[in-house]
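Chains as they are written, first to last, in our numbering: chain W, 1 to 124; chain Z, 125 to 482.
Right, one structure below, let's go through it.
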Amino acid sequence: MKILLVEDDQLMLKTIILRLKKEGHDITSCTDGKEAIEQIENQIFDLIITDIMLPYVSGLEIVGIVKETTSTPIIVLSSMGQEKTIEEAFELGADDYITKPFNLTELSFRIKRFAKAYELQLAI
Amino acid sequence: MSAFIQPHYLWVAITVFCILILLLTGAIFLYLYRKKSIFFANAYIQKQFEEWISACILDDTVAVNQSIVVPLFLQQQLKNVRKKQFALNLLLQNKRQLMGFAAQKIIFLYEELGFKQYSIQKLKSRTWHIKARGIQELYLMEQHDMLNQIYVYTNNKNEHIRTEAQIAIVRLLGFAGLRFLDILSHPLNEWGQINLLEQLKQFSLTPMHHLSKWLCSNNYTIVLFVLKLVAVYQQFQTHDVVVNCLHHKHEKIRTQAIKTLARIANEHTATILITHYANEKFTNKKMILEQLSTMTVNAKALFFLACLHEENNVLKLIAAKALNQCSQGGINVLQEKAVQYPKDYEPIYLHVKSGIGV
Chain W
1 MKILLVEDDQ LMLKTIILRL KKEGHDITSC TDGKEAIEQI ENQIFDLIIT
51 DIMLPYVSGL EIVGIVKETT STPIIVLSSM GQEKTIEEAF ELGADDYITK
101 PFNLTELSFR IKRFAKAYEL QLAI
Chain Z
125 MSAFIQPHYL WVAITVFCIL ILLLTGAIFL YLYRKKSIFF ANAYIQKQFE
175 EWISACILDD TVAVNQSIVV PLFLQQQLKN VRKKQFALNL LLQNKRQLMG
225 FAAQKIIFLY EELGFKQYSI QKLKSRTWHI KARGIQELYL MEQHDMLNQI
275 YVYTNNKNEH IRTEAQIAIV RLLGFAGLRF LDILSHPLNE WGQINLLEQL
325 KQFSLTPMHH LSKWLCSNNY TIVLFVLKLV AVYQQFQTHD VVVNCLHHKH
375 EKIRTQAIKT LARIANEHTA TILITHYANE KFTNKKMILE QLSTMTVNAK
425 ALFFLACLHE ENNVLKLIAA KALNQCSQGG INVLQEKAVQ YPKDYEPIYL
475 HVKSGIGV
């Protein structure tokens, strides 16, 4: 799967990239929302994983922009106690969310779920 | 002529001024140079460390507690205290965001890289913020063996050390960690209370046997915190002890007791609050009216009706709103009152009718 990963924490970003690359995904990464929007405008992704708190453009804004024009699935990474923000993300069209701290295996499982749907779509 | 400055003094002033400007420029230059070099050093260690650490965390071919070889360049970098702290911060930051195998690996790295000893040194420091930092690092890295050493600080005279230690105990032990309330003689500040309630959310509820004892504590901040705890986790068994808190000398405790009683209400609670209403001042009268309006009791309509005769207009308005909420004919009663006494009740009636909040 071609995945766009948006996370401002460098170490976290590298850890997730390594993990997802190991699983055979093609990863494009950004550390801020502005850069993510540019990537979304220039490329087509099968899945977007975005943090909520990002510099320049927030994760919620990214969800809104993406869902206005495409149906690309989005997984939102949120922190504990951001229940209202998660609701907002779902209202904007987010497909799933993971609360930090999270288990990398859990993230992989959730991506696999989207990968299955993606493969099904391709088969059809 | 004497009104003007002497040329000699003018030269001295210019010289002093120039020297000051030079000194200031030099100081700014040195400061920026130092800042820049720290920035580049941090960026260097960040790059090196991040790559190594993320590879280590994800290496699931190696068991969590299997010994690791730290690269030589990293070992040398970690000899520098500032770089060591920077690397430790990176680990802590990642630990806050991860769970499971990766988190266990981070803890193992923390121990293997000698950061635990570094945190213990901080814990022993005499400077409060270093000590607090040490406590924070130890609990974030789940160092259960440090529990006793941290526990002694839960009643420390320094507010920050105390708060960190209390959070640490709860993070490490869950609800059982609240046992520090038994020994706490210093105040439990508002921030600490919020923080503890937030930490407890991560744990599944286990029986809290000392709630009644804590609710009778001489330390009023403990009573306040436990009242919040009782409300959040709906500890119905404490109902009667919470009722006693309605007579506490501190107004804040009485206010919280009213809120808590609404959360753990039984068939007698409404009557207790209605009876208590007359003994209270404005804030708590308002609170009682607000809480009663959320409780499902039939008899309260009469009480709200009686409260329409309160002198204070805010109380009148809350009572009117509550009456409208709990009784179907409430709005008609208000309308009648508005016709009979337009000066007093017409604005209230219109306010309730339009559905504007207080």
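We put the CB at the ideal spot given by N, CA and C, even for glycine.
Report all residues from its chain with a CB closer than 8 angstroms to the CB of residue i; omit the five preceding and five following residues, and keep chain order.
i: L247/Z; result: K255, G258, I259, L262, M270, Q273 and I274
i: I487/Z; result: Since the first residue of chain Z shown is 125 and the last is 482, residue 487/Z is not available in this structure.
i: L214/Z; result: Q170, F173, E174 and I177
i: T330/Z; result: G298, F299 and A300
i: H284/Z; result: W252, H253 and A256
i: V482/Z; result: Its pLDDT being 44, under 50, V482/Z is placed unreliably in this model, and the value from its coordinates should be taken loosely. Cβ within range, chain order: V438, L441, I442 and K445.
i: V350/Z; result: L305, L335, W338, L339 and S341
i: I3/W; result: L20, H25, D26, I27, T28, F45, D46, L47, I48, I49 and I111
i: I162/Z; result: R206
What residues are listed by DSSP as bridge partners for residue i?
i: L98/W; result: For clarity, residue 98/W is Ile in the given sequence; the question names Leu instead. According to DSSP, which records beta bridges pairwise, I98/W is partnered with L77/W.
i: V6/W; result: C30/W and T50/W
i: L413/Z; result: Looking at the DSSP assignment, L413/Z forms no beta bridge with any residue, so it has no partner.
i: N103/W; result: M223/Z
Name the residue from the options whose alpha carbon lies nearest to the alpha carbon of residue i.
i: I230/Z; options: K208/Z, A179/Z and K424/Z; result: A179/Z
i: R378/Z; options: L233/Z, A355/Z and L348/Z; result: L348/Z
i: D306/Z; options: W135/Z, L339/Z and R387/Z; result: L339/Z
i: Q217/Z; options: T72/W, Q10/W, T69/W and A36/W; result: Q10/W
i: L212/Z; options: L196/Z, L156/Z, I129/Z and L264/Z; result: L264/Z
i: T85/W; options: F102/W, N103/W and G64/W; result: G64/W
i: I75/W; options: D96/W, I44/W, A123/W and L104/W; result: D96/W
i: L107/W; options: T50/W, I124/W, S71/W and V66/W; result: T50/W
i: S58/W; options: N42/W, S71/W and L92/W; result: L92/W
Cα separation between residue i and residue j?
i: E94/W; j: K21/W; result: Checking the sequence shown, residue 94/W turns out to be Ala, not Glu. Their Cα atoms are separated by approximately 23 angstroms.
i: P466/Z; j: H433/Z; result: 14 angstroms
i: N319/Z; j: K325/Z; result: 10 angstroms
i: G316/Z; j: E375/Z; result: 20 angstroms
i: F225/Z; j: D8/W; result: 22 angstroms
i: L474/Z; j: A444/Z; result: 11 angstroms
i: E314/Z; j: M332/Z; result: 21 angstroms
i: E35/W; j: P73/W; result: 19 angstroms
i: L60/W; j: C30/W; result: 15 angstroms
i: I48/W; j: I111/W; result: 10 angstroms
i: K410/Z; j: Q452/Z; result: 22 angstroms
i: Y56/W; j: L196/Z; result: 38 angstroms
i: K203/Z; j: F239/Z; result: 11 angstroms
i: R113/W; j: I192/Z; result: 34 angstroms
i: T69/W; j: S328/Z; result: 42 angstroms
i: K243/Z; j: T15/W; result: According to the sequence provided, residue 243/Z is Ser. The question's Lys does not apply to it. Computed Cα separation, rounded: 25 angstroms.
i: L120/W; j: I17/W; result: 25 angstroms
i: P131/Z; j: K159/Z; result: 42 angstroms
i: C431/Z; j: I52/W; result: 47 angstroms
i: T105/W; j: M12/W; result: 14 angstroms
i: F164/Z; j: K219/Z; result: 24 angstroms
i: F153/Z; j: I145/Z; result: 12 angstroms
i: Q361/Z; j: M419/Z; result: 19 angstroms
i: Q380/Z; j: E38/W; result: 51 angstroms
i: I291/Z; j: K281/Z; result: 16 angstroms
Find out if the Cβ-Cβ distance for the pair residue i, residue j is shorter than 7 angstroms.
i: L54/W; j: G33/W; result: yes
i: V294/Z; j: Q323/Z; result: yes
i: L353/Z; j: R19/W; result: no
i: A446/Z; j: S417/Z; result: yes
i: V476/Z; j: L458/Z; result: yes
i: I27/W; j: L5/W; result: yes
i: Y401/Z; j: I388/Z; result: no
i: N279/Z; j: L308/Z; result: yes
i: L321/Z; j: Q359/Z; result: no
i: M223/Z; j: F102/W; result: yes
i: M373/Z; j: A394/Z; result: Sequence check: residue 373/Z is Lys here, not Met. Contact: no.
i: T345/Z; j: L302/Z; result: no
i: L77/W; j: I44/W; result: no
i: F128/Z; j: N166/Z; result: no
Spatial neighbours of residue i within its chain, please: C-beta separation below 6 angstroms, excluding the five flanking residues on both sides.
i: K207/Z; result: I169 and Q201
i: Q415/Z; result: I382 and A386
i: S79/W; result: K100
i: F427/Z; result: I398
i: G454/Z; result: L447 and N448
i: A289/Z; result: I259, I274, Y277 and T278
Taking 7 angstroms as the limit between beta carbons, can you name the residues of its chain near residue i, skipping five residues before and five after?
i: Y118/W; result: M1 and D46
Residues in the region 210-234 of chain Z having any Cβ partner in chain B nearer than 9 angstroms: Any reference to chain B falls outside this structure, whose protein chains are W and Z.
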